[in-house]
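Protein chains in written order, with my numbering: chain A, 1 to 198; chain B, 1 to 198. Even glycine gets a Cβ: it sits at the ideal position worked out from N, Cα and C. To keep things clear, I will list the structure first and then write my remarks on it.
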DNA sequence: TTAAAATCTCGAACTCGTTCGAGATTTATT
DNA sequence: AATAAATCTCGAACGAGTTCGAGATTTTAA
């Protein structure tokens, strides 16, 4: 009977993850201690470290779950026949709204995702999914001749993603204070990008 | 004889700041404890808290000093008769080089500056100085008709600053691995922004 | 079946950021 | 000059993340 240990390990792992999701949502990252998580998961505090190297790692796996949920919402972006600018604004405003919904959670997550301590393969997979969607948008826009063929899809995606990042920075540094304000700023920047500044 | 206390307070403040600069440079933020700083400054660990509310605050004041130095270098950007694209690349590559010179320091600083815990007036002053320079560039470019008058200087600055941020994110998430690579990517994005993508 | 190896668990302890509280020093008041 | 008020300092202690080490459990090998 091999695999008892493996089975238990999986269960414990999931128990920790579930406890973290629950407590981070109820209280928040800062207000949840490792001991809280351990207690909720029914194990000793030290045992947690057999599964996650640091408290931050638990947070990152929590982010992964949250992002998965958010991704569902995103996929339903109605990519019908809208002009590319509107489409992009819709797309990024969903992300923006999600990430700034909870100021603290968003900040913490962005710090980890945008300026991570070490290259994180899992995050790259996430990014790739978003970029796939974006590239789909641009590809369609190129085919209907709304935008030029001369730019690579990846570079286009990076461009708009960067503008999105800049807006988030503006939010967290206090330049933007409401969603409509953010959307207006986003529209201005996106139009600049599309039309050029020459 | 009034002011003995004030005098001492100033000295202590400077001693802490100097100790922090020294130790953060030698070891790094994480590897420097408050106690280390206190010892170096010749005071008790608790006393530090009379001057800075948190360890992070010490780091932020350290950043301010570093950024001041970096700013000097920046001002000397030769804004002669270069095309705006080259000028912007030069400008932002100085910033990029500075901030990524020490991977860990840069990451920590960017986290604080881009996604700060609370709105930080001092950081805004810094940003303003950079934006002033950028707006100067754009203004000159508009006057020699290199770029259109229709965009506000501020929005233009935000646009390129955002692209710069996106590149830093690319650096820290492992998409960019060398300065020449970063510069090439920057040039591509900047050209996209200038020429538009239509 | 059994002994050795590998792995898992958790109480105790360590580190470091931060707060408390009480005594020391300076300033203000008369 | 003397005393009260304000401020500064730092040893002690607390809280939370993390590591140590030793015993318990499971796997492997014979």
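Sorted by chain position, which residues of the same chain lie with C-beta nearer than 7 Å to residue 36/B's C-beta, five sequence neighbours on each side aside?
23
Contacts around residue 55/A, its chain only, beta-carbon distance under 7 Å, and the 5 residues preceding and following it disregarded:
34
Between 101/A, 124/A, 86/A, 64/A, which lies nearest to residue 141/A when the distance is taken from Cα to Cα?
86/A
Can you pull the chain B neighbours of residue 124/A, defined as C-beta to C-beta under 8 Å?
173, 174
Collapsed DSSP secondary structure at residue 149/B in the structure displayed:
Of the three classes helix, strand and coil, the one that applies to residue 149/B here is coil, per DSSP.
So that I know if they touch, is there some Cβ in chain B lying closer than 8 Å to that of residue 187/A?
Answer no: the Cβ-Cβ gap between residue 187/A and chain B never drops below 8 Å.
With distance defined between alpha-carbon atoms, name the residue in 154/A, 160/A, 8/A nearest to residue 91/A.
Minimum Cα distance to residue 91/A is reached at 160/A.
Measuring CA to CA, which of 138/B, 163/B, 119/B is closest to residue 199/A?
This structure cannot settle anything about residue 199/A, because the visible part of chain A is limited to 1 through 198.
Anything in the segment 152-169 of chain A with a Cβ closer than 7 Å to a Cβ of chain B? List those residues in chain order, please.
155, 156, 158, 159, 161, 162, 163, 165, 166, 169
Who are the neighbours of residue 116/A on chain B, taking C-beta pairs under 9 Å?
107, 172, 173, 174
Burial state of residue 5/B (16 or more Cβ within 10 Å)
exposed
Tell me the rounded alpha-carbon separation between residue 14/A and residue 93/A.
32 Å
Kindly indicate if chain A contains any beta-carbon less than 8 Å away from that of residue 1/B.
Note that residue 1/B scores a pLDDT of 48, beneath 50, so its modelled location is shaky; the value from the coordinates is reported in the next line. Chain A, which has no Cβ nearer than 8 Å to the Cβ of residue 1/B, makes this no.
Along the chain, which unbroken stretches of the alpha helix (DSSP H) at least 4 residues long are found entirely within the segment 34-65 of chain B?
34-41
Return yes when the Cβ of residue 147/B is within less than 8 Å of the Cβ of residue 216/A, no when it is not.
Nothing in the structure corresponds to residue 216/A, since chain A is present only between 1 and 198.
At the 8 Å Cβ level, is residue 147/A part of the contact set with chain B, yes or no?
Contact of residue 147/A with chain B is assigned, a C-beta pair being separated by under 8 Å.
Please list the terminal residues of the continuous alpha helix (DSSP H) segment that includes residue 106/A.
Judged by DSSP secondary structure, residue 106/A falls within the alpha helix (DSSP H) whose first and last residues are 103-114.
Quick one: list the residues of chain B neighbouring residue 193/A, beta-carbon separation under 9 Å, in chain order.
Within chain B, the residues whose beta carbon sits less than 9 Å from that of residue 193/A are 159, 192, 193, 196, 197, listed in sequence order.
For the alpha helix (DSSP H) holding residue 12/A, just list the boundary residues, first then last.
4-26
Hey, does residue 182/B have any beta-carbon neighbour from chain A nearer than 8 Å?
no
Leaving out the 5 sequence neighbours to the left and right, which residues in its chain are closer than 6 Å to residue 51/B when beta-carbon positions are compared?
13, 16
With a cut-off of 8 Å, does the C-beta of residue 144/B fall near any C-beta of chain A?
It does not: the Cβ of residue 144/B has no partner Cβ on chain A nearer than 8 Å.
Is DSSP giving residue 191/B helix, strand or coil here?
In this structure, residue 191/B counts as helix in the three-state DSSP scheme.
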